[in-house]
Structure formats: structure tokens, C-alpha cells
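Chemist:
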Amino acid sequence: MSRLTARGIGKTYGGKQVLQGIDLELESGKIYGLLGRNGAGKTTLLSVLTAQNPATAGSVTFDGEPVWENPRALEHLCFARDLGQMSGSVSGLTVREYLRIAAAYCPRWDAGMAARLIREFGLELKKPFARLSRGMVSMVSIVTALASGAEFTILDEPVAGLDVVARERFYTLILDEFARSGRTFVISTHIIEESENLFEEVIILDQGRILLKENTQALLERCFHVSGREDEVARATAGLRVFHEERVGRSLGVTVLLSAGILLLAASFGLLDSALLVRWQGRIQWIVVLGTAAVAMLAGFALCWFVYLPCLDGRLSVSMTGLQILAAAGAGVLYLASGILAWTTVRNAEVRF
Amino acid sequence: MKEILTQEKSIYIQIKELIENDILRDVLMEEERVPSTNELARLYTINPATAAKGVNLLVDEGILYKRRGIGMFVAAGARQKIMEKRRERFYEDYVKSLLAEAGRLGISRDEVIAMLAGGADAAGKTEGAEKR
Chain A
3 MSRLTARGIG
13 KTYGGKQVLQ
23 GIDLELESGK
33 IYGLLGRNGA
43 GKTTLLSVLT
53 AQNPATAGSV
63 TFDGEPVWEN
73 PRALEHLCFA
83 RDLGQMSGSV
93 SGLTVREYLR
103 IAAAYCPRWD
113 AGMAARLIRE
123 FGLELKKPFA
133 RLSRGMVSMV
143 SIVTALASGA
153 EFTILDEPVA
163 GLDVVARERF
173 YTLILDEFAR
183 SGRTFVISTH
193 IIEESENLFE
203 EVIILDQGRI
213 LLKENTQALL
223 ERCFHVSGRE
233 DEVARATAGL
243 RVFHEERVGR
253 SLGVTVLLSA
263 GILLLAASFG
273 LLDSALLVRW
283 QGRIQWIVVL
293 GTAAVAMLAG
303 FALCWFVYLP
313 CLDGRLSVSM
323 TGLQILAAAG
333 AGVLYLASGI
343 LAWTTVRNAE
353 VRF
Chain B
35 MKEILTQEKS
45 IYIQIKELIE
55 NDILRDVLME
65 EERVPSTNEL
75 ARLYTINPAT
85 AAKGVNLLVD
95 EGILYKRRGI
105 GMFVAAGARQ
115 KIMEKRRERF
125 YEDYVKSLLA
135 EAGRLGISRD
145 EVIAMLAGGA
155 DAAGKTEGAE
165 KR
């Protein structure tokens, strides 16, 4: 199983920090979605991952080998750029010329597949890029990506400008190729509603940082929309971070994210009432902290009582009361440490925008 | 079997319920092969891993079983199993929400019972209707 790994990637363009501290690991045999607002750094990240753009900091490796100017690694990677964004550099080329160049860079190029897709999309090989519509330009990118045969294939905004029928077709093409070959696809897109279920994992980029990377279904499962009368909603979601808020008159709708740990805990007790879960998330955070601390305190006492004391027995002439104080102090330290640990674990399970 | 997926519920739960529905409606018969995860993925444009999660839940419940190298099949007695399971959940899934809505609208218990008695005859006609 191959891996494309980024460690501590940073990128600045003339003093402007575009990417910052990116740690990312992509495994083979998955379809990833890369989401983010305009200007979040998606294209820059993708171009750095495929060594088409040097990083200012950090490293990108494919199965442990650096990808930069390394043909052995690069033959497994294909970055199908959003050609609509770089019309300057390709506008003079015809579709045929562009695909010929792409084929030269992809050792596993599947000419048969390329020809099939060109026919299906009705692409005219003789047309120069300058005269292609936005959708046609996207189709050339899609042909390049699918025909490249690369184990890790990255598509930047592949559905931009495509009509709804063509987008549907694109999704099934990806699924067919994925079923056939198990190649990894990374797809950046803004059309989330259509494609969310296509992705096994989503990566969300915000202002040059990775906000989260999580299994799509798991993320959706801990995402709740709570709506109703303002005061009731506010009470139910007290203590929770609200990600989206809609107010109309007395009604309030908010989107909240529960931590994965809470859902696991709830599921293990057979508690699956969403309303109850939302209501308790804020409190459960405290229950977890206090609960862990209490367990730690007991463990501290037990440790001192059954292990530490017998060891000292007979060798030190400290009174029992002194040792008890010692035990309590030890437990107190453990109490604090584990409490803080538990608190940060629960807090970090939430996403911060 | 293609139906529209909603955003209300997890996709793999919906895949699981769609297969169950097809078994209940005799679209899929016992000992018959069910669509592969790749076929399901393509049909609903979802990730094969998600489709597999739904199918595997049914394998765990003994409603489907795997034949190595051939695919997934509907187990003998699957239909009965699904009916029993859904009967157990009927109160939670349907009656509770029915009573809650009746309460909001000020419909009395007797009126609800009367409607149920009247509606029981027409129940056969709403066979194809999906909930919500």
C-alpha cells in the first residue's frame, strides 16, 4: 500500500503565507475530497503534493522517497490542473497537442481510454484551448486524469463549468475507474452537495491550514442541525460551539458538531436520541473530565497504598499519616494532569473555524 | 431499486434499509444475489466503502451472507427476520411520532383510534409509499 505524505508544508508567495504547517497523509485505495473556500490554498497544496511547485518549508514523500524531481515517485502521481485557471500557458495548444504532452509525462498513459472519453465527450482534437468552452476545458482535464493511469490522481475543480449531466457522468466515471483499478483520487470541488457521498474522506482547508481530515460519513454523523423556538434551541445547545446560525423571528436553527467520543459513548449505551445527545454534549465534556480525574485519584491512592507503601515498609521511619499525605499529593498531581488531558482531548475533538 | 437518498440519515443506513425494503417487497428473493458494493456505489454515486458498510450491517444481522468470490446473497429467512425487527421498532418509529403530531394538533386519542380503525382498510393501497 502506497502513501503520499506531506510533513510541515509551508508556502509563501512574495511574503504572503499561503500554506502553513500542513501535515497530510494520503493512502492508496481511497477517494478523497478536498474542500475549502476560494483562496484557501487548495490548488497550491495540490501542486506542492505533486512536485509542480516547490514548498517553502517541509517535505513531500511518496512511500518514503522525496517526490521533488524524482521520476520514480512522480510516475505514480498525476495532477490534472484546472486548465481554465491557467489559460495563458495552454491557450496556444490544441487539445491533441496538450494530450500528447500529457501522455509523454505519464508512463502509464492509457491511449485507448483517452480516445474513448474524447469520443464520449465530443471533444474536438483540432480545437485550440482558446476556443474551448469552460466545460470543454474541464473535460480535457478529466480525460488527462483518467487516462494517466497514475496510482495517485489529483483533480483540481474537475467539474467547473460542466452541466449537471456531465457532472453525473464524471462521478460514475470516477467510481468505475476506482472499482476497476483501486487508484486513489483526490478531488477538489465546490459542489459539495453532489459529491460528498463520493468521498471516503474529506479534507477541509481553511486559510492555508488543514481544518480537518475525517471519514465523510463519520463527520456527517456527528453534525447536527437543531431548530425550534429560540430559547429552547439555545438551552439545548448551551456550551456547544455553533457553526451556523439562522434566525427568523422567534425561530432559531443552529448547526453543531458533537465530538466523536461522545457519539461512541452514546452508541455503546444504546443511546441514539439526537436531541438528547446535543443537549448533553456540553455537560458530558465536564462529566468526562471529572470522571477521569476521579478514576485517576483512586488509581493514585491505590498505587501509593498497595505498591509504594509496602516497598517503604520497614525501611523508612515515616509515620503512616505522613505517607497518607504523600499519597494524597501524588493522587492530586495525577488528578490534575489527567483532568487537563481529558479536557483537551474532548475540546480538540471539535473543529474550530 | 434506485431511490433518492436523503440528507436526513446516514447514507449507509439508507443503503441497508433500501436492501431490506427490496427483500420485503420481493424485489430481492431469498438465496438471490444482491447488487455488489461497486454496483450500489455506481447506482447511488456513493463511495464503495460506504455501500459496503451498509451491506456489512446486513451480513452482521444474518440477513445477507457472503459467498466467497461470487458475492452477497439474501439469507434464507431474511424476510421474516426483517419483519420481526421492524415490528419491534414500529412503535418507536411510527406510533410515537404519530401521537406527538396528534398532540400538537389537539387530536384526541379517541379520534386517532377512530382514524386508525378507518385507515386499516386502506392500508394495502399505500404499499409503495415511503416514510417521510
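Chains A and B, in that order, are what the protein sequence lines are. Residue numbers for the first sequence follow the working numbering, beginning at 3 and rising by one. Residue numbers for the second sequence follow the working numbering, beginning at 35 and rising by one. Cβ coordinates follow ideal geometry from the N, Cα and C atoms, glycine included.
1. Is there a Cβ of chain A sitting closer than 7 Å to that of R102/B, yes or no?
2. Between the C-alpha atoms of T14/A and L51/A, what's the straight-line distance to the nearest angstrom?
3. Nearest-angstrom Cα distance between E135/B and F245/A?
4. Check the C-beta distance from G96/B over to A109/B and give it rounded, since I have them as a contact under 8 Å.
5. In three-state DSSP terms, what is M117/B?
6. Less than 8 Å between the CB atoms is what I'm expecting for R113/B and E51/B, so what's the real figure, rounded?
7. According to a CB-to-CB cut-off of less than 7 Å, which residues of the region 191–207 of chain A neighbour chain B?
8. Which residues mark the beginning and the end of the alpha helix (DSSP H) in which K44/A is found?
9. Quick one: grab the DSSP three-state call for M149/B.
10. In whole angstroms, what is the alpha-carbon distance linking E202/A and L26/A?
11. Are the C-beta of R354/A and some C-beta of chain B separated by less than 7 Å?
12. List the residues of chain B whose Cβ lies closer than 7 Å to the Cβ of T63/A, in chain order.
13. Note down the Cα distance separating S44/B from L127/A, rounded to an integer number of angstroms.
14. Could you tell me which of G94/A, A42/A, G86/A sits nearest to S143/A, measuring between CA atoms?
15. Using only alpha-carbon positions, find the residue among G23/A, A59/A, R83/A that is nearest to L48/A.
16. So, under 8 Å CB-CB, I212/A and I205/A are touching, yes? Tell me the CB distance rounded to an integer number of Å.
17. Would you identify the three-state DSSP class for V108/B, choosing helix, strand or coil?
18. Helix, strand or coil: how does DSSP classify K165/B here?
19. With DSSP as the reference, please indicate the residues paired to L214/A in a beta bridge.
20. Looking at the secondary structure, which residues open and close the alpha helix (DSSP H) in which A240/A lies?
21. What residues of chain B sit near I189/A, judged by a beta carbon separation below 8 Å?
22. Taking 7 Å as the cut-off, decide whether the C-beta atoms of E66/B and I116/B are in contact.
23. I want to see whether chain B comes within less than 7 Å of T186/A, judged by CB atoms only; does it?
24. Rounded to a whole number of angstroms, what is the C-alpha to C-alpha distance between I176/A and E118/B?
25. Would you kindly report the start and end of the unbroken alpha helix (DSSP H) that includes G88/B?
26. Strictly under 7 Å for the Cβ-Cβ distance: is N90/B near chain A by that measure?
27. What's the C-alpha gap between L150/B and A240/A?
28. Measure how close the beta-carbons of A168/A and L119/A come, nearest whole angstrom, since I'm counting them as under 8 Å.
29. L260/A lies in the alpha helix (DSSP H); which residues open and close that run?
30. Kindly say whether E27/A, judged by its beta-carbon, lies nearer than 7 Å to any beta-carbon of chain B.
31. Could you tell me how far apart the beta carbons of C108/A and G60/A are, in whole angstroms, since I believe they sit closer than 8 Å?
32. I'd like to know whether the C-beta of A75/B is nearer than 7 Å to at least one C-beta of chain A.
33. Please go through the same chain and pick out, in chain order, the residues whose beta-carbon is closer than 8 Å to the beta-carbon of V89/B, but skip the five residues on each side of it.
34. What residue from A304/A, F303/A, A339/A has the CA that sits closest to L292/A's CA?
35. For the region 32–61 of chain A, which residues have a beta carbon sitting closer than 9 Å to at least one beta carbon of chain B?
36. Considering only residues of the same chain and omitting the five flanking positions on each side of G255/A, which have a CB-CB separation below 6 Å?
Modeler: Looking at the coordinates:
1. no
2. 15 Å
3. 30 Å
4. 6 Å
5. helix
6. At roughly 14 Å, the Cβ-Cβ gap does not stay under 8 Å, so R113/B and E51/B are not in contact.
7. N199, L200, F201, E202
8. 44–51
9. helix
10. 15 Å
11. Low per-residue confidence applies at R354/A: pLDDT is 33, beneath 50, and the placement is therefore not dependable enough to give any value.
12. Under the 7 Å cutoff, chain B gives no residues; its nearest Cβ is about 25 Å from T63/A.
13. 43 Å
14. G86/A
15. R83/A
16. 6 Å
17. strand
18. For K165/B, the predicted model reports a pLDDT of 42, less than 50, meaning its position is unreliable; a value from the coordinates is still stated below. Note: K165/B maps to coil in three-state DSSP.
19. I206/A
20. Neither: A240/A is in no alpha helix (DSSP H) and is coded neither H nor E.
21. Near I189/A there are no residues of chain B at all, since even the closest Cβ is about 12 Å away, more than 8 Å.
22. no
23. no
24. 39 Å
25. 82–94
26. no
27. 40 Å
28. That belief does not hold up - the Cβ atoms of A168/A and L119/A are roughly 12 Å apart, past 8 Å.
29. Per DSSP, L260/A belongs to no alpha helix (DSSP H) and is neither H nor E.
30. no
31. That pair is no contact at about 26 Å.
32. yes
33. I49, K50, I53, V68, T71, L74, L98, M106
34. A339/A
35. K32, I33
36. S229, E248
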